[in-house]
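Heads up: the sequence shown is residues 79 to 411, going by this note's numbering.
For each residue, glycine too, the CB sits at the ideal point set by N, CA and C.
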Amino acid sequence: MLAGRLNVSTGKFAVEEVDEPHAGPGQVRIAVRAAGVCLSDVHLIQGMLKPLYLKGDSVTLGHETAGVIDEVGEGVTGLTVGERVLLQAGEITGGAVLTRGVDYDGGWAQYAVSSAATVVPIPDTLSFEQACFIPDAVSTPWAAITATAGVQAARAVGVWGVGGLGAHAVQLLRMIGAAPIIAVDPLPGARERALQFGADLALDPADGEFASLVGEATGGTGLAYAFDFAGVAPVRVQAARSLARWGKLILVGLTNQPLTIPDGTRFSYLEQQVRGHYGSGPESVLELLSLVALNRLEFSRSVSGILPLAQAAEAVRQLDEKEGNPIRLILVP
């Protein structure tokens, strides 16, 4: 079968022929119908992210995957051949958090094997192209908003970086009643998209009037919550400066750069907080699927392009260069 493989030692990525995997005990195999391309995949290829638990040097990328079950392993109950499913982006094994497509083979392939515990049925009304990226692209901001930050309605929120995760964060924040929502991105197209997704205000971080505009929008109090989806050190400085008393800075975007608090005394005096966030638990995906079923959410606007699996390298290039300002590019075998 075809698979998008990365050698993490050499940094070489290629779509190549590999042996088909088969479902072992406690596993299922799915025929992949759609797989999302995430900035984390780009960072893996570029060497900015390194797998912690990968056995060997090579891995099939792709942690956002949906398809149809076509093999059921020994001991698996409650799942049948032909079911439409998505795969959770990872699992906890032996106390370690393992990420699909990072620490073990993922969904940039014609077939993918998964632990039965990470398989989630999806309704016939939800397309594979929209279902595949609910784990991570939607569930990560959802978990950051609801679990890590505990966002309350009618509280001011800032979202730095309106890409694949940030755009969904704006949509989700609007749904739960956060207000005002201030989106921050250097790209005009991203700011326009933020307004379309429900932001009340969209600002360029380089705007000389940035601080006063945030103050005006929040009645002079600042932000109750500031989310960094960019993983850029200057973003975190600006976001921290924008916080209100008891405000929380939530670090979702990943970076190996140090965190700097611009005024430590002020930060302590105002009793502000910094919280790290990574991924989401299985419950977040289930909650989102229930909201989709109840017509509270839909993600057709998030599918920015569909490419064949053989063109995975081109999809990576488009996302890395922000060509067309994509939210999610989708690979189909």
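Just to confirm my understanding: we take residue i, look at its own chain, exclude 5 residues before and 5 after, and list those with CB closer than 6 Å. What are they?
i: Gly55; result: With the chain running from 79 to 411 in the structure shown, residue 55 is simply not present.
i: Ala277; result: Val248, Ile259, Ala261
i: Ala257; result: Ala232
i: Ala234; result: Pro258, Thr296, Leu301, Ala302
i: Val436; result: A question about residue 436 goes unanswered here, because the residues of the chain that appear run from 79 up to 411.
i: Trp45; result: Examination of residue 45 is not possible in this model, given that the chain is present from 79 through 411 alone.
i: Ala209; result: Ala144, Leu164, Ile200
i: Arg270; result: It should be noted that the sequence gives Glu, not Arg, for residue 270. Taken in chain order, the list of residues that qualify is empty.
i: Pro411; result: Val110, Gln188, Leu387
i: Gln351; result: Lys326
i: Leu132; result: Asp181
i: Ala280; result: Ala261, Arg269, Ala272, Leu273
i: Ser211; result: In the sequence under discussion, the amino acid at residue 211 is Phe, which differs from the Ser named in the question. Cβ neighbours of Phe211 beyond the five flanking positions: Gly114, Glu142, Arg406.
In its own chain, which residues sit with a C-beta less than 7 Å from the C-beta of residue i, not counting the 5 before and 5 after it?
i: Val106; result: Ile147, Glu149, Val150, Gly151, Val154, Leu157, Ser192, Ala194, Val197
i: Thr333; result: Gly309, Val310, Ala311
i: Ser320; result: Gly236, Val292, Gly300, Leu301, Ala304
i: Gly104; result: Gly151, Gly153, Val154, Ser193, Ala194
i: Thr226; result: Ile328, Arg353, His355
i: Leu407; result: Val115, Ser382, Gly383, Leu385, Ala393, Gln396, Leu397
i: Leu84; result: Phe91, Leu122, Ile123, Ser136, Val137, Leu139
i: Val370; result: Leu204, Glu376
i: Gln166; result: Thr196, Val198, Pro213, Pro360, Val363
i: Lys128; result: Val86
Can you check DSSP and say which residues form a bridge with residue i?
i: Lys326; result: Tyr303, Gln351
i: Tyr131; result: The partner list for Tyr131 (beta bridge, DSSP) is empty, contrary to what the question assumes.
i: Val315; result: DSSP lists no partner for Val315.
i: Glu169; result: Leu176
i: Gly82; result: Val93
i: Gly140; result: According to DSSP, Gly140 bridges with nothing at all.
i: Ile212; result: None, per the DSSP bridge assignment.
i: Glu149; result: Arg107
i: Ser290; result: Its beta-bridge partners do not exist; DSSP assigns none.
i: Leu321; result: Leu301
i: Leu279; result: Ile260
i: Ser193; result: Gln105
i: Leu164; result: Ala144, Val198
i: Ala284; result: Ala284 is not bridged to any residue.
i: Ala187; result: Ala81
Buried or exposed: residue i, going by 16 or more other Cβ atoms within 10 Å of its Cβ?
i: Val137; result: buried
i: Glu94; result: exposed
i: Val313; result: buried
i: Tyr347; result: exposed
i: Leu130; result: exposed
i: Ser118; result: buried
i: Ala230; result: Here residue 230 is Gln; the residue named in the question, Ala, does not match the sequence. Classification for Gln230: exposed.
i: Gly286; result: exposed
i: Gln175; result: In the sequence as presented, Gln is not what sits at residue 175; that position holds Val. Burial call: exposed.
i: Gly331; result: buried
i: Glu294; result: exposed
i: Glu142; result: buried
i: Gly298; result: exposed
i: Gln335; result: exposed
i: Gly255; result: exposed
i: Thr177; result: buried
i: Gly342; result: exposed
i: Lys326; result: buried
i: Ala289; result: exposed
i: Glu207; result: buried
i: Asp202; result: exposed
i: Ala187; result: buried
i: Pro266; result: exposed
i: Gly185; result: buried
i: Gly402; result: exposed
i: Pro340; result: exposed
i: Ala390; result: buried
i: Leu215; result: With the sequence shown as reference, residue 215 is identified as Ala, and Leu is not the correct amino acid for it. Under this definition Ala215 is a buried residue.
i: Leu372; result: exposed
i: Gly134; result: exposed
So, at 8 Å on beta carbons, what are the nonlocal neighbours of residue i in its own chain, with the 5 sequence-adjacent residues on each side left out?
i: Val159; result: Ile147, Asp148, Glu149, Val150
i: Glu161; result: Val146, Ile147, Pro199
i: Asp183; result: Ala81, Pro99, Val137, Thr138, Ala190, Val191
i: Leu337; result: Ala311, Arg314, Leu329, Val352
i: Phe307; result: Pro219, Val237, Trp238, Gly239, Val240, Gly241, Leu243, Gly244, Ala247, Val330, Gly331
Determine whether the Cβ of residue i lies closer than 7 Å to any Cβ atom of chain B.
i: Arg252; result: As a matter of chain content, chain B is missing from the structure shown, which is built from one protein chain.
Practice prompt. Examine the Cβ distances between the region 100-114 and the region 146-163 and report whether three or more of them are shorter than 8 Å.
Written response: yes
Worksheet item: Taking contact to mean at least 3 C-beta pairs separated by less than 8 Å, is the region 380-389 in contact with the region 346-356?
Response: No, they do not touch.
Worksheet item: Are the region 121-132 and the region 211-225 in contact at 8 Å, needing three or more beta carbon pairs?
Response: no
Discussion item. I want to know whether the region 168-184 touches the region 231-245 - three or more CB-CB distances under 8 Å.
Written reply: no
Worksheet item: At what residue ranges does the region 214-273 contain a whole run of the beta strand (DSSP E), taking only runs of 3 or more?
Response: 235-238, 259-262
Discussion item. Measuring CB atoms only, is the region 361-374 touching the region 80-91, in the sense that at least three cross pairs come out at less than 8 Å?
Written reply: As far as the Cβ criterion goes, the region 361-374 does not touch the region 80-91, which means the pair count is below three.
Worksheet item: Which residue spans inside the region 340-409 form an unbroken alpha helix (DSSP H) run of at least 4?
Response: 342-347, 360-371, 390-398
Fill in: Length at least 3, wholly inside the region 85-127: the beta strand (DSSP E) runs in chain order
Entirely contained in the region 85-127, the beta strand (DSSP E) runs reaching 3 residues are, in chain order, 90-95, 105-115.
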